[in-house]
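Beneath this line is the structure, given in structure tokens, with notes to follow.
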Amino acid sequence: MSRTRVGVLVSGRGSNLQALLDAARAPDFPAEIVVVLSNIPGVAALDRAAAAGVAGEVVPHRDFATRPAFEREVSALLEDHGVELVCQAGFMRVVTGGFVDRWRDRLLNIHPSLLPAFPGLDTHARALRAGVALHGCSVHFVRETVDEGPIVGQAAVPVLPGDDTEALAARVLAAEHRLYPLCLGLVASGRARVEGETVIYSGVTGAQGMLLNPAGL
Ligand code: GRF
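Letter by letter, the sequence shown follows residues 22 to 238 in our numbering.
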């Protein structure tokens, strides 16, 4: 089986990267992580890549006069590593249309909310303020508008009485670590693909039942 060559873009802690690296250890996982690229030097995500024996690259965005110049270097390095599919995992740079076009339908992002609710930053605090009962995370193909694009998968978690942002973020993060490998596997194997501006699936089982919150008296 030939596995899809994946590059992961990071800026920090790299816990989602870790989930992808762990999933890709399974020989039957349809993707392999071939390079981890950070726009910030010295971040924990690069240590995780090194520990997994995966190449790390640093492209400090501050070294570039413009966003497109930074992105051209990122794309060139990804291509040097033979990358076919790119995953943004806690990558804190907004990408331009040029980068989106270059990696069209080959660029995934994970966002900590049930999109289209709460695009942007501080999603957990905003979810708490809005009083939603369900929150979660989304994996989507990247488009030029931030946190928009065909959704590959979502995971919902309940907002519980007494939650603060830390508690809610931790519950969502655990869901992210399950969702991202699942979605990467679907895209890498061709079982999820973009048609029009939505994702269509083949050979995929939907979740059973429903998540109801509050659950009862
Ligand atoms: C995650 O919550 C991700 O959804 C968001 O940034 C955070 C990155 O965390 N885009 P990590 O670096 O993967 O631990």
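Built from N, CA and C at the ideal position, the CB exists for glycine as well.
Asked                                                                                                    : Found
Cβ separation of Ala138 and Leu38, assumed to be a contact under 8 Å, to the nearest whole Å             : Actually they do not touch by this definition, with Cβ atoms about 25 Å apart.
Beta-carbon proximity of Leu194 to Cys108, cut-off 8 Å                                                   : no
Near ligand 1: Pro137 beta-carbon under 7 Å from a heavy atom                                            : no
Continuous beta strand (DSSP E) assignments of at least 3 residues falling wholly in the segment 116–195 : 128–132, 155–162 and 172–179
Continuous alpha helix (DSSP H) stretch holding Leu58: start and end                                     : Note, Leu58: premise wrong, no alpha helix (DSSP H); beta strand (DSSP E) at Ala52 to Ser59.
Per-residue burial, Leu232 [other beta carbons within 10 Å of its own, 16 or more giving buried]         : exposed
Proximity winner among Asn60, Gly119, Asp101 and Ser36, relative to Arg69 (alpha-carbon distances)       : Ser36
Simplified DSSP state of Leu42, which is helix, strand or coil                                           : helix
Stretch-stretch touch, CB-based, cutoff 8 Å, three pairs: the segment 74–89 with the segment 50–65       : yes
Three or more C-beta pairs below 8 Å linking the segment 203–217 and the segment 179–192                 : no
Cβ-based burial, Glu92 [other Cβ within 10 Å; buried from 16]                                            : buried
Contact between the segment 149–156 and the segment 110–121 (3+ Cβ pairs under 8 Å)                      : no
Beta-bridge pairing of Thr25 - partner residues as DSSP gives them                                       : Ala52
Best match in Phe50, Arg26 and Asp126 for proximity to Glu218 [C-alpha to C-alpha]                       : Asp126
Arg34 beta carbon near ligand 1 (any heavy atom closer than 7 Å)                                         : yes
Selection from Phe112, Thr144, Gly224 and Ser23 that minimises the alpha carbon distance to His156       : Thr144
Proximity below 8 Å, CB of His132 to CB of His102                                                        : no
Near ligand 1: Leu41 beta-carbon under 7 Å from a heavy atom                                             : no
With 16 other Cβ atoms within 10 Å as the buried cut-off, status of Leu23                                : Sequence check: residue 23 is Ser here, not Leu. Answer is exposed; the Cβ neighbour count stays below 16.
Gly111 beta carbon near ligand 1 (any heavy atom closer than 7 Å)                                        : yes
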